[in-house]
Amino acid sequence: MAWSAPMTFVGNTVLSAANLNTYLRDNLSQLAPAKATTANRIFVSTGTNAIAERAYSTSQVSATQTRSATGYGDLATAGPSVTVTTGTQALVGFSCFIFNSSSADLSNVSFAVSGATTISPGDDGIMHMEILGSQSERVGVIEYVTGLTAGSNTFTLKYSVGSGFAPVGTGSYGERHIWVIGL
Amino acid sequence: MVWVAPATFVANTALTAAQLNTFIRDNLLETEAAKATTAGRLFWTTSRNAIAERPLSESFVSTTETTASTSFVDLGTSGPSVTLFTGRYALVAISAAIRNGSETSLAHINYYVSGATEQSHQEQSELKLGGNAAGTTHPSRSMTVSWCTNLNPGVNTFTLQYKVSADDGVFFYRRLTVIAL
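Sequence lines, in order, name chains H and C. The first sequence runs 123 to 305 under our numbering. The second sequence runs 11 to 191 under our numbering.
Shown next as structure tokens:
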């Protein structure tokens with residue numbers, strides 16, 4: 123059942139079961155307490171007079187591993203990766219410590235989306251970190267992702283070096299963390 | 011109308027239209043389902059027994075541009091800029107790929123607020139990255155996420171600007187994300 127704009131009750135008119143079912147039972151069923159299923163979730167609007175419970179998920183890979191390729195890909199231990207049910211949007215945050223074998227080269231981190239939606243890492247509009255140099259730095263970003271296909275979407279960190287510049291060195295990445303809030 | 015604490019109904023007393031309108035109609039109209047208008051928005055409390063739907067918005071400018079200004083200015087392509095309805099607070103994330111022609115100089119980005127609120131660049135929200143090692147042209151890319159307070163509720167515009175401590179700063183992949191609270 124869907125939300126119905128509550129009627130205005132009028133004195134000296136019959137209050138019917140149909141009225142109570144439509145404006146009380148069915149409307150209450152559209153509210154957050156009726157839709158809450160699991161602790162630690164949030165509610166988002168999904169359209170006019172419609173809300174949904176949304177989950178968040180986090181994942182971390184602590185292993186420090188390297189990559190020397192200029193195209194985004196996995197490390198020896200892929201990920202981290204999270205799968206959540208989203209609408210057409212999500213908030214994605216990721217961080218890691220990162221450095222390059224050369225003080226003059228870039229190490230990059232981005233994320234890919236798979237499942238209901240396919241988005242390649244580093245695509246225009248998709249946030250990525252580009253960190254220059256051989257000092258170990260820990261940085262993080264948040265991305266507001268739109269244009270998702272509603273449903274089960276998987277977000278996976280990916281890694282590369284360089285950015286059209288050469289040489290590219292060897293990037294090292296550790297304490298890799300990702301979180302996603304479905305919207 | 012506003013939320014009214016629901017009455018405790020008593021047996022053998024008349025149930026009036028006024029009660030139904032106050033405790034059912036009007037209270038239902040204060041719920042998140044009644045206030046939901048657009049997909050992907052969040053609900054926040056605005057005061058006791060009151061909530062509001064709040065938007066998120068993001069703007070991205072990919073153009074690579076430069077400045078040698080030591081005070082915050084627009085680049086040739088201004089922005090990015092985001093306009094949305096906020097309460098008194100917002101969560102603001104700013105990022106860019108940045109490089110500076112000198113190893114010892116910094117390049118800065120920060121935002122200001124206009125519209126319902128006039129608020130200049132706040133130090134706690136600034137992103138600044140160091141210059142390049144001599145002989146390199148690689149940028150660095152990072153982000154700050156800050157809590158923007160003391161906003162006047164209403165339509166507020168957040169605009170990203172740029173400066174350097176010295177020399178020429180180059181800025182690209184410029185992004186601004188605002189979560190209205």
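Positions of the beta carbon are idealized from the N, C-alpha and C atoms, including for glycine.
- Taking a contact as a CB-CB distance under 8 Å, the pair residue 176 of chain H and residue 269 of chain H does not count as one, their CB atoms being some 17 Å apart.
- Setting aside the 5 residues that flank it on each side, residue 209 of chain H is surrounded in the same chain by 166, 168, 174, 176, 270, 272, 304 and 305, each with a C-beta closer than 8 Å to its C-beta; the list follows chain order.
- In this structure, residue 181 of chain C keeps its C-beta atom at 8 Å or more from the C-beta atom of residue 61 of chain C.
- If you compare the alpha carbons of C:25, C:166 and C:110 with that of residue 77 of chain C, the shortest gap goes to C:110.
- For residue 130 of chain H, the chain C residues whose Cβ falls inside 7 Å of its Cβ are 31 and 35, in order along the chain.
- Interface criterion not met: the Cβ of residue 86 of chain C is under 8 Å from no Cβ in chain H.
- Look at residue 41 of chain C: its C-beta is under 8 Å from a C-beta on chain H.
- The DSSP-derived three-state label of residue 29 of chain C is helix.
- When DSSP states are grouped into helix, strand and coil, residue 205 of chain H belongs to the strand group.
- Contacts with chain C at 8 Å (Cβ-Cβ) include residue 165 of chain H.
- In the DSSP assignment, residue 110 of chain C falls within the beta strand (DSSP E) that extends over 100-110.
- If you check the CB distance, residue 230 of chain H and residue 282 of chain H come in under 8 Å.
- Within the region 16-102 of chain C, the beta strand (DSSP E) runs of at least 3 residues that lie entirely inside it are, in chain order, 52-57, 60-64, 66-71, 75-77 and 91-96.
- Cβ-Cβ distances below 8 Å link residue 42 of chain C to 53, 61 and 63 in the same chain, with the five nearest sequence neighbours on each side left out; the list follows chain order.
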